[in-house]
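Each remark here refers to the structure printed beneath this line.
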């Protein structure tokens, strides 16, 4: 049994505490769109670089990394849930060690409505479709009224997008990807394609996550990047 209470979580604390620090200087982002959004997430320890000077924007993101970034970026937590016993990853997943660095984030994801199968292989590359659907589930957890309110994105008045390559998505997943696009978290290419089955890159994930954080108002008093 658990009881949920309101709390100021880790991401909000990091945003407030680290606002005056300088962004990391990555030497492999010169040709990357939305470079500042990537640097922003690194600065607040949400989706960090591989080294102090390397971000590896084109490298794929695995499931563990993707889920961890969603939990941190959208400030998901179980801080004010009460449990009969301390939750462990093995209570919910069959292939995750309780000692893995991402085990707590996987527990948090489970209790915040992120739809991950019990036998998930967190070492596999996360697809664009997977990331988008989990991202929207996290957004809905942060703002349950997002589908009616539109969040902080008051300029999004376009009709529901038509995804040309939606056939590999379930009906529910397609609806969530459409919400991600409609709310300008991600975009389709000129052919109207989203490429849901392709691995998502670290750069793509960072930009989508930043846009979602902005949509939900989680950027707080620090504000958006210039």
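In mature numbering (1 follows the signal peptide of the UniProt record, and there is no 0), the protein residues as written are -24 to -1, 1 to 202.
Cβ atoms here follow ideal geometry from the backbone N, Cα and C, with glycine treated the same way.
DSSP state of residue i mapped onto helix, strand, coil
i: residue 177; result: strand
i: residue 54; result: coil
i: residue 73; result: coil
i: residue 91; result: coil
i: residue 30; result: coil
i: residue 16; result: helix
i: residue 109; result: helix
i: residue 192; result: coil
i: residue 138; result: coil
i: residue 3; result: coil
i: residue 166; result: coil
i: residue 62; result: coil
i: residue 96; result: coil
When the options are compared against residue i, the one with the closest alpha-carbon
i: residue 95; options: 66, 111, 105; result: 66
i: residue 138; options: 178, 171, 123; result: 171
i: residue 51; options: 152, 23, 35, 37; result: 23
i: residue 165; options: 44, 39, 141; result: 141
i: residue 217; options: 33, 121, 98, 70; result: Nothing about residue 217 can be read from this structure; the chain reaches only from -24 to 202.
i: residue 100; options: 29, 35, 40, 162; result: 40
i: residue 163; options: 146, 88, 148, 136; result: 136
i: residue 90; options: 173, 27, 113; result: 113
i: residue 169; options: 153, 179, 159; result: 153
i: residue 118; options: 88, 28, 147; result: 88
i: residue 4; options: 123, 47, 31, 120; result: 31
C-alpha distance - residue i paired with residue j, whole-angstrom precision
i: residue 188; j: residue 58; result: 28 Å
i: residue 144; j: residue 104; result: 12 Å
i: residue 20; j: residue 185; result: 13 Å
i: residue 56; j: residue 86; result: 15 Å
i: residue 130; j: residue 156; result: Annotation note: pLDDT 42 at residue 130 (below 50); position unreliable, coordinate value reported separately. Distance between the alpha carbons of residue 130 and residue 156: 14 Å.
i: residue 38; j: residue 60; result: 32 Å
i: residue 2; j: residue 11; result: 9 Å
i: residue 13; j: residue 54; result: 27 Å
i: residue 64; j: residue 73; result: 9 Å
i: residue 71; j: residue 43; result: 15 Å
i: residue 108; j: residue 182; result: 12 Å
i: residue 110; j: residue 151; result: 12 Å
i: residue 175; j: residue 35; result: 9 Å
i: residue 16; j: residue 180; result: 14 Å
i: residue 45; j: residue 178; result: 10 Å
i: residue 190; j: residue 47; result: 15 Å
i: residue 115; j: residue 121; result: 10 Å
Residues that residue i bridges to, as DSSP identifies them
i: residue 206; result: Outside the displayed range of the chain (-24 to 202) lies residue 206, so it cannot be described from this structure.
i: residue 101; result: 38
Residue i: CB within 6 Å of a non-hydrogen atom of the ligand FMN
i: residue 21; result: This structure lacks the ligand FMN, and indeed carries no ligand of any kind.
### Message
Under 8 Å: do the segment 67 to 82 and the segment 103 to 121 share three or more Cβ pairs, one atom per stretch?
### Response
Fewer than three Cβ pairs drawn from the segment 67 to 82 and the segment 103 to 121 lie within less than 8 Å of each other, which leaves the two stretches out of contact.
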